Amino acid sequence: MQEYKKICFWIVTLLCLLVLVSCAQKEELAVPEEELLVGVKIYDHAGSFPELFEEWRSLGINTALVSASLISDQEFRSLAKKNNIATFVIIPIFYNPEELEKRPDLFAITETGKKANEEWVSFICPSRQDYSSQRVEYVKNLVRDYDPEGISLDFIRYFVYWEKVYPDRTLSSLSNTCFDSYCLEGFQKASKIKIPQKLAETSEKASWIIENHLPEWTEWKCQVITSMVKAFSEAARKIKPGIKINAHTVPWRKEDFGGAMKIIAGQDLAQIATHADYLSPMCYHHMVMRNTSWIQSVVEDVYRLTQHRVIPSIQVKEAYIDKTLTQTEFRDSLVEALKPPSKGVVFWSWESLANSPGKKELIKEVLESRNLSSKQMLF
């Protein structure tokens, strides 16, 4: 009888241990509520700041990704701190139309030898050290002057108008950049690959590189972008050691469009993650003609590649597509965005959300269903 009791005891103990291990594994996949970042992108605001922050708190928003002009407003900064709303300054890196207007020589160059420009998207060559050094100083000054909780690096990639790249596109249909003299020289120096002297035209040199050395070209592009993420991160942390770094990424999975994330955008997420606290893929599903479940598939892919904190950004209102983004579809996109391994969500943008009371109610509903409240802050 004594032996029987011992056997039962050990069986029960083993079962309890198995249950605990199983629960622990599930908890690893789930996101602790206190770590969820619920953010909104906002570029300008003409109304009352006190009312704005009161509404954000009522919605459960704990982070504002703001423009440089908005963070410069003393009242906005003071109320953000008073209301425990973390501020991340959105800093466009290689998208800078004002600078290009003053200095058109900074334009990135496509494989056809033309300027990297499509509709509103125009890009600066990532190899221009004079511009990059100037931008690093700009970041340091922003951090020093306005003391944000974080910086959010936008357009930190090579040129691509991804907002209009739909599922039927192919790698060959996407522009490859940059083939100006600075990039061609930098690539040859880093890779020890020499472009044949007989090739005179930019388009000829680009074709030769793409046809004969695409892997080396892609690796070099990724190194350039990663080095810039590192430079901006180190510059910001030199001024404020505890500052958080967020990097906006193109919403493509590893195999999408033949590996275009690296080949075209030059974003090696695993490497970028070593210098950033968060990766924020811009999962604007409606814009790029995807279903809502695609959002979570992007988050999963980014996490699988990086094992890092992923904060997807989702759109609130239709853009580029002449079809309404309904409340039901918006709700579904939010639910997908919050599924593990996501660490939160960012809404693009407040300007759209402010004029949509129905969608604001949906945010409350979804967040409350996860037992979240505006008191659960990241910082």
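For the sequence shown, the numbering used here gives the first residue as 36, with consecutive numbering after it. Even glycine gets a Cβ: it sits at the ideal position worked out from N, Cα and C. Just so you know, these numbers come straight off a predicted model, no measurement behind them.
Check	Outcome
Rounding to the nearest angstrom, what Cα-Cα distance links Ile278 and Val178 in this structure?	9 Å
Looking only at its chain, what residues have a beta carbon closer than 7 Å to the beta carbon of Val264, apart from the 5 residues adjacent to it on each side?	Leu188, Ile191, Ala282, Ile307, His310, Ala311
Just the C-alpha distance for Lys199 and Ser242, rounded to the nearest angstrom, thanks.	24 Å
Mapping DSSP to helix, strand and coil, what is Glu62?	Summary for Glu62: the model assigns pLDDT 36, below 50, so the residue's position carries little reliability; its value from the coordinates is reported in the next sentence. In the structure shown, Glu62 sits in a helix (DSSP, three-state: H, G or I).
According to DSSP, simplified to helix, strand and coil, what is Asn152?	strand
Considering only the beta carbon of each residue, do Thr284 and Gln302 sit closer than 9 Å?	yes
Check whether the segment 363-378 and the segment 345-353 are in contact - that is, three or more C-beta pairs closer than 8 Å.	yes
Taking the alpha-carbon positions, what's the Asp213 to Val333 distance?	Looking at the sequence itself, residue 213 is Cys, so the reference to Asp does not match. Their Cα atoms are separated by approximately 26 Å.
Can you give me the Cβ contacts of Ile42 inside the same chain, cut-off strictly under 6 Å, excluding the 5 residues immediately before and after it?	Low confidence applies to Ile42: its pLDDT is 47, below 50, so where it sits in the model is not reliable, and the reading given next is rough at best. So no residue of the chain qualifies.
Starting from Ala354, trace the beta strand (DSSP E) both ways and give me its first and last residue.	Neither: Ala354 is in no beta strand (DSSP E) and is coded neither H nor E.
Taking the continuous beta strand (DSSP E) assigned at Asn281, which residues delimit it?	279-284
Label Arg339 either buried or exposed according to how many other C-beta atoms from any shown protein chain fall within 10 Å of its C-beta, with 16 as the threshold for buried.	exposed
In chain order, what residues of the same chain lie with their CB nearer than 7 Å to the CB of Val370, ignoring the 5 residues before and after it?	Val401
Within its chain, find whatever has a CB closer than 6 Å to the CB of Lys175; leave out the 5 residues flanking it on each side and keep chain order.	Ala270, Ile274
Flag this pair as yes or no: are the beta carbons of Asp215 and Ser162 separated by less than 9 Å?	yes
Of all the beta strand (DSSP E) runs that stay within the bounds of the segment 221-305, which reach a length of 3 or more residues?	279-284
If I follow the unbroken beta strand (DSSP E) through Val323, where does it start and stop?	Counting along the chain, Val323 falls outside any beta strand (DSSP E), and DSSP gives it neither H nor E.
According to DSSP, is Ile330 helix, strand or coil?	helix
In terms of DSSP beta bridges, what is Pro316 paired with?	Thr284
Taking the beta strand (DSSP E) that Thr98 falls in, what are its first and last residues?	98-101
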